[in-house]
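Chemist: Below is one structure. I have some questions about it.
Protein chains in written order, with my numbering: chain B, 1 to 333; chain W, 1001 to 1333.
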């Protein structure tokens, strides 16, 4: 701790931490290459950040394989008393449902450490004291999270096989007590659901339109890229001419929700991701500390390209690089 | 004819017609109320316009009933050698298929007088000498019009019952010879179609993305408003992040197509509609002469509201008001 304080003037108790990494970035914004974090910078990161938010693919795992050293890194962070969250825009599963993915990879996580966009939708409704019904375009994850918050819902998988024939005089009834439509990824999207959601938004006064995310692409199988929830949301935007409230990435609801529930300033939270234009941009827009890992889609070449304007506070080859300062960090903590 | 020439100086042979109605509008743009066309103005309209493009609902019929006098008015126009087109953004039927609607109402029209957005899609592809395959989200109307132009296609109703389960390792093949995706209204929209269209647009180099229209609402039953093709198009925009080429209203493709095929200047074509913000705006944007009829959704109060900035060249209570100058017009013709 003594050594750490000497080398990092901002680390003294009570002072708002000076942020050497950001300072470095500010001084060398146009200087390339952007260096990987030194041990001193890693210690600084671990000192002033109390909560780590991880994008998963490219950070925690690659495809179906956990990146070597990740379990030990997570153990180290938890051992230091840090909070960790695993963020996914996947809304098809609840937090509990998503745990099986982690467990199948041998990762020991708690449901509360997972922040899925299905959970974000329920947390958002809870945050505004919502007390009407929700019509759901989406899968079981959203329904399960709504149930956990005691929010009434209809739609979802139960409407998968409903058909609209548009025969002469056909009329669709809808529930006038629906006060929100939540749209998540739905492999069984159909015209019945589109019309039902449209009627609620268009005809129920004050009806909310909430999107778990608007991702163009989702990776529900490893074999190829699949059309994402941008399609389901686009369908409802197209018939209602309304823009949704997005609760998953890249909206800042999740960040504010985590920050408020933990009582932390945004800069005490670090977004760790492998994508500059989504993860790192998302963290920066929310005022978070940001760490780019080079174990996913972003190469050092892209990071250092003059075209790249998104400069993370820290750069790590991979998350387990933090283990190089494990002993010093544990002593400091 | 002599009387007409005396009263309308712009009507002399060979001169580009002066447009009294437009002149009137220019002088009195802020003067309200905007008067209904006088007999002199009706004669002027009939003299210099060679082609009439009609929106149907509110102009030709109201719901399931033809507006009194419309058949006689159409007979008069045809008798004067005018071309008439009935425009619909409905893409579910081909022009031939749409004729049954006219016939059921007792209206005698030819398939070539109907300009549906299904036809527009095929005409657009023909206009660019398209020679690859088309993947269709939509109904039989589009397929029939493509067949008439000899354009190969796949998708459409044949994909209505296809399912994507996204089971582990699932991979969707697609035809790399698809060079255009056409998206029209599709009551059997599903995720298979969304993903197929997305793959073609995303992975086939140069693949076109064509929308018959982006209407939020469609009136496929009289009982209520239904989510329109804006939903199907929105779904594909959401997963491809590409904007479509729209061939139906309010794009100007149809106007250019009609204008070119008849060898007419835009101002020799009159758009007749009951909506200021769609029909009349559409005509004005294309440089057409415009006539508003008050037999549909637009009231005189809305027309004369200071908030209304869309001023039609002519205002008629209803289309058959043209019959008041029938004898003079037939003599003049």
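Backbone N, C-alpha and C fix where the C-beta goes; we use that ideal spot for every residue, glycine too.
1) Let's see if you can read the secondary structure: which residues bound the alpha helix (DSSP H) around residue 1271 (chain W)?
2) Beta-carbon of residue 1180 (chain W) versus every beta-carbon of chain B: anything under 7 Å?
3) Hey, would you say the C-beta of residue 163 (chain B) is under 6 Å away from at least one heavy atom of the ligand NAD?
4) Pick out whichever of B:303, B:262, B:297 and B:249 has its Cα sitting closest to the Cα of residue 81 (chain B).
5) Out of B:151, B:53 and B:201, which has the shortest C-alpha to C-alpha gap to residue 174 (chain B)?
6) At a Cβ threshold of 7 Å, is residue 189 (chain B) touching chain W?
7) Of all the residues that make up the region 1221–1232 of chain W, which are near chain B by a beta-carbon distance shorter than 9 Å?
8) Check the Cβ of residue 103 (chain B) against every Cβ in chain W and list those closer than 7 Å, keeping chain order.
9) Mark residue 1128 (chain W) as exposed unless 16 or more other C-beta atoms lie within 10 angstroms of its C-beta, in which case mark it buried.
10) Compare the C-beta of residue 315 (chain B) with all C-beta atoms of chain W and state if any pair is closer than 7 Å.
11) Where are the alpha helix (DSSP H) runs, 4 residues long or more, that stay fully inside the region 1174–1221 of chain W, in chain order?
12) Select from W:1229, W:1208, W:1275 and W:1277 the residue whose C-alpha is nearest the C-alpha of residue 1244 (chain W).
13) Give the residues of chain B in contact with residue 1171 (chain W), contact being defined as C-beta atoms less than 9 Å apart.
14) Which same chain residues end up closer than 8 Å to residue 1275 (chain W) when comparing Cβ atoms and leaving out the 5 residues on each side of it in sequence?
15) What residue does the beta strand (DSSP E) around residue 151 (chain B) start on, and which one ends it?
16) Determine whether the beta carbon atoms of residue 125 (chain B) and residue 151 (chain B) lie at a separation below 7 Å.
17) Assuming residue 310 (chain B) and residue 280 (chain B) make a contact with CB atoms under 8 Å, what is their CB distance in whole Å?
18) Would you decide whether residue 171 (chain B) is buried or exposed? Buried here means 16 or more other CB atoms lie within 10 Å of its CB.
19) Between which two residues does the beta strand (DSSP E) holding residue 171 (chain B) run?
20) Closest to residue 1159 (chain W) by C-alpha separation, out of W:1177, W:1187 and W:1166, would be which residue?
21) Any beta carbon from chain W within less than 7 Å of residue 278 (chain B)'s own beta carbon?
22) For chain B, check one thing: does any of its Cβ atoms lie closer than 7 Å to the Cβ of residue 1030 (chain W)?
23) Find the residues of chain B that neighbour residue 1194 (chain W), judging by a C-beta separation of less than 8 Å, and give them in chain order.
24) Just to confirm before moving on: does the CB-CB distance between residue 289 (chain B) and residue 49 (chain B) stay below 7 Å?
25) Any Cβ of chain C within less than 7 Å of the Cβ of residue 295 (chain B)?
26) Between residue 1189 (chain W) and the rest of its own chain, which residues show a CB-CB distance below 6 Å, the 5 nearest in sequence each way excluded?
27) Between residue 1105 (chain W) and the rest of its own chain, which residues show a CB-CB distance below 7 Å, the 5 nearest in sequence each way excluded?
28) Residue 1079 (chain W) versus chain B: which residues are under 8 Å apart at the beta carbon?
29) Have a look at the DSSP bridge pairing and note the partners of residue 1075 (chain W).
30) Find the nearest neighbour of residue 47 (chain B) within the set B:267, B:306, B:294 and B:304, judged by alpha-carbon distance.
31) List the residues of chain B that residue 1166 (chain W) touches, going by C-beta distances under 8 Å, in chain order.
32) Contact check, residue 76 (chain B) vs residue 316 (chain B) under 8 Å by CB: the rounded distance?
33) Can you pull the chain B residues whose beta carbon is under 8 Å from the beta carbon of residue 1239 (chain W), in chain order?
34) Nearest to residue 1278 (chain W) by alpha carbon, out of W:1144, W:1131 and W:1213?
35) Does the region 233–243 of chain B come close enough to the region 191–199 of chain B that 3 or more CB-CB pairs lie under 8 Å?
36) Rounded to a whole number of angstroms, what is the C-alpha to C-alpha distance between residue 327 (chain B) and residue 73 (chain B)?
Modeler: Short version:
1) Here residue 1271 (chain W) refers to the residue found at position 271 of the second chain. Where residue 1271 (chain W) is concerned, there is no enclosing alpha helix (DSSP H), although the beta strand (DSSP E) it sits in stretches over 1269–1273.
2) Along the second chain, one-based indexing puts residue 1180 (chain W) at 180. Answer no: the Cβ-Cβ gap between residue 1180 (chain W) and chain B never drops below 7 Å.
3) With respect to small molecules bound, the structure shown includes none, and the ligand NAD cannot be examined in it.
4) Taking the first residue of the first chain as position 1, residue 81 (chain B) is located at position 81. Residue B:262 is the option with its Cα nearest to residue 81 (chain B).
5) For this step, residue 174 (chain B) is matched to residue 174 along the first chain. The option with the nearest alpha carbon to residue 174 (chain B) is B:201.
6) The residue labelled residue 189 (chain B) in the question sits at position 189 within the first chain. Yes - at least one Cβ of chain W is within 7 Å of the one on residue 189 (chain B).
7) Taking 9 Å as the Cβ-Cβ cut-off against chain B, the residues of the region 1221–1232 of chain W that qualify are 1221, 1222, 1223, 1224, 1225, 1226, 1227, 1228, 1229, 1230, 1231 and 1232.
8) Reading the first chain from its first residue, position 103 is the one you call residue 103 (chain B). Going along chain W, no residue has its Cβ under 7 Å from residue 103 (chain B), so there is no contact; the nearest lies around 16 Å.
9) Here residue 1128 (chain W) is taken as the residue at index 128 of the second chain, counted from 1. Classification for residue 1128 (chain W): exposed.
10) Counted from its first residue, the first chain places residue 315 (chain B) at position 315. Chain W contact via Cβ: absent.
11) 1191–1203
12) As a working note, residue 1244 (chain W) is residue 244 in the second chain. For residue 1244 (chain W), the nearest C-alpha among the options comes from W:1208.
13) Locating residue 1171 (chain W) in the second chain gives position 171, where the first residue counts as 1. Near residue 1171 (chain W) (Cβ distances below 9 Å), the residues of chain B are 221, 223 and 224.
14) Counting from one through the second chain, the residue named residue 1275 (chain W) turns up at place 275. In the same chain as residue 1275 (chain W), and ignoring 5 residues on each side of it, the C-beta atoms closer than 8 Å to its own belong to 1055, 1058, 1296, 1297 and 1298, in chain order.
15) The count along the first chain starts at 1 and reaches residue 151 (chain B) at position 151. First-last for residue 151 (chain B): undefined, no H or E at that position.
16) Taking the first chain and counting its residues from 1, the one referred to as residue 125 (chain B) is at position 125. Taking the first chain and counting its residues from 1, the one referred to as residue 151 (chain B) is at position 151. Yes, Cβ-Cβ distance for residue 125 (chain B) and residue 151 (chain B) is below 7 Å.
17) Within the first chain, numbered from 1, the residue matching residue 310 (chain B) stands at position 310. Within the first chain, numbered from 1, the residue matching residue 280 (chain B) stands at position 280. Contact flag correct, Cβ pair sits at about 5 Å.
18) Reading the first chain from its first residue, position 171 is the one you call residue 171 (chain B). When all chains shown are included, residue 171 (chain B) counts as exposed.
19) The residue given as residue 171 (chain B) occupies position 171 in the first chain. Under the DSSP assignment, residue 171 (chain B) falls outside any beta strand (DSSP E); it carries neither an H nor an E label.
20) In the second chain, residue 1159 (chain W) corresponds to position 159, counting from 1. Of the listed residues, the one whose Cα sits closest to residue 1159 (chain W) is W:1187.
21) Taking the first chain and counting its residues from 1, the one referred to as residue 278 (chain B) is at position 278. With 7 Å as the cut-off, residue 278 (chain B) does not count as an interface residue toward chain W.
22) Counting from one through the second chain, the residue named residue 1030 (chain W) turns up at place 30. With a pLDDT of 48 at residue 1030 (chain W), under the threshold of 50, the modelled position of that residue is not reliable, and the figure given next carries that caveat. Not one chain B Cβ lies under 7 Å of residue 1030 (chain W).
23) Here residue 1194 (chain W) corresponds to residue number 194 of the second chain, with the count starting at 1. Those within 8 Å of residue 1194 (chain W) in chain B are 189, 227 and 231.
24) Against the first chain, residue 289 (chain B) aligns to sequence position 289. Against the first chain, residue 49 (chain B) aligns to sequence position 49. In contact: residue 289 (chain B) and residue 49 (chain B) (Cβ atoms closer than 7 Å).
25) Looking for chain C here will not work: the only protein chains present are B and W.
26) For the purposes of this step, residue 1189 (chain W) is identified with residue 189 of the second chain, where counting begins at 1. These residues qualify, in order along the chain: 1232.
27) To locate residue 1105 (chain W), count along the second chain from 1; it is residue 105. Closer than 7 Å at Cβ, skipping near neighbours: 1061 and 1066.
28) The residue given as residue 1079 (chain W) occupies position 79 in the second chain. Under the 8 Å cutoff, chain B gives no residues; its nearest Cβ is about 34 Å from residue 1079 (chain W).
29) What you label residue 1075 (chain W) is simply residue 75 of the second chain in a count that begins at 1. Per DSSP, none; premise fails for residue 1075 (chain W).
30) Locating residue 47 (chain B) in the first chain gives position 47, where the first residue counts as 1. Checking every option, the nearest Cα to that of residue 47 (chain B) belongs to B:267.
31) In the second chain, the residue the question calls residue 1166 (chain W) occupies position 166. By Cβ distance, chain B contributes 187, 220, 221 and 226.
32) Walking along the first chain from the start, residue 76 (chain B) turns up at place 76. Walking along the first chain from the start, residue 316 (chain B) turns up at place 316. Contact check for residue 76 (chain B) and residue 316 (chain B): beta-carbon distance about 14 Å, past the 8 Å limit, so the pair fails to qualify.
33) Here residue 1239 (chain W) refers to the residue found at position 239 when the second chain is read from its first residue. Those are 216, 217, 227, 228, 230, 231 and 234, listed as they occur along chain B.
34) Here residue 1278 (chain W) refers to the residue found at position 278 when the second chain is read from its first residue. Comparing Cα positions, the closest option is W:1213.
35) yes
36) Indexing the first chain from 1 puts residue 327 (chain B) at position 327. Indexing the first chain from 1 puts residue 73 (chain B) at position 73. So the two alpha carbons sit approximately 12 Å from each other.
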